[in-house]
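Going letter by letter, the sequence shown gives residues 8 to 139 in the working numbering. Idealized CB from N, CA, C, for every residue including glycine.
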Amino acid sequence: MEIKHYEFQQHGDNRGHLVAVENNIDIPFDIKRIYYLYDTVPGFVRGKHSHRKLEQVLVCVAGSCMIHLDDGNEQKDVLLNNPVKGLYIGPNTWREIYNFSEDAVLLVIASELYDESDYIRNYDDFLKSLSS
Ligand code: T46
Numbered sequence: 008m009e010i011k012h013y014e015f016q017q018h019g020d021n022r023g024h025l026v027a028v029e030n031n032i033d034i035p036f037d038i039k040r041i042y043y044l045y046d047t048v049p050g051f052v053r054g055k056h057s058h059r060k061l062e063q064v065l066v067c068v069a070g071s072c073m074i075h076l077d078d079g080n081e082q083k084d085v086l087l088n089n090p091v092k093g094l095y096i097g098p099n100t101w102r103e104i105y106n107f108s109e110d111a112v113l114l115v116i117a118s119e120l121y122d123e124s125d126y127i128r129n130y131d132d133f134l135k136s137l138s139s
């Protein structure tokens, strides 16, 4: 499964904490886009797709959420609840995001601009894409 766990350097002092994430240094790609999920409604599952090419690093900068990952062979569930920890997800990995805490803010750092044609939103099509 093409996932990696990152721990970012934290610059903390008596004023609080700061984390900086730099291109190709703290994460393994050029950053083309960031977006964030917040005010998520309890009980809803987001994601439910894979990407053909996109690489992403997910950081739960407030609160917590669970990420379900599936590469067609193996399945894993990862808890994100720490603003210094990033989860890298490579292409061809089905992901579902669930169990958001009420205060969750999920920051996503992405290697490409938004492109709907990069998504596979049907699970059977995802499995077929792995063997083609
Ligand atoms: C992912 C998980 C973690 C845009 O216009 N631009 C964007 O950059 C994105 C990400 C989305 N959108 C539009 C497309 C939809 O009309 O925002 C709407 C919601 O997107 P979506 O249903 O894809 O949201 P999620 O939370 O299910 O998935 C998103 C990302 O799309 C996806 O790449 O890995 O967050």
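Distance check for residue j and residue i, CA to CA, integer angstroms please.
i	j	result
residue 64	residue 101	14 Å
residue 16	residue 52	30 Å
residue 104	residue 69	15 Å
residue 50	residue 106	7 Å
residue 42	residue 136	26 Å
residue 123	residue 87	26 Å
residue 117	residue 31	12 Å
residue 78	residue 22	42 Å
residue 121	residue 71	25 Å
residue 114	residue 40	11 Å
residue 165	residue 37	A question about residue 165 goes unanswered here, because the residues of the chain that appear run from 8 up to 139.
residue 81	residue 129	18 Å
residue 112	residue 66	8 Å
State the beta-bridge partners of residue i as determined by DSSP.
i	result
residue 6	Within the shown structure, residues of the chain are numbered from 8 to 139, placing residue 6 beyond reach of any answer.
residue 14	92
residue 116	41 and 64
residue 75	84 and 103
residue 69	112
Residues in its own chain within less than 6 Å of residue i by CB, not counting five upstream and five downstream?
i	result
residue 18	25
residue 108	70 and 71
For residue i, I'd like the list of residues in its chain whose CB is within less than 7 Å of its CB, leaving aside the five on either flank, ordered along the chain.
i	result
residue 12	92 and 94
Just to confirm my understanding: we take residue i, look at its own chain, exclude 5 residues before and 5 after, and list those with CB closer than 8 Å. What are they?
i	result
residue 34	13, 28, 64, 93, 95 and 116
residue 84	73, 74, 75 and 76
**Report entry** Quiz: which residues have CB nearer than 5 Å to ligand 1 non-hydrogen atoms
**Finding:** 42, 53, 54 and 121
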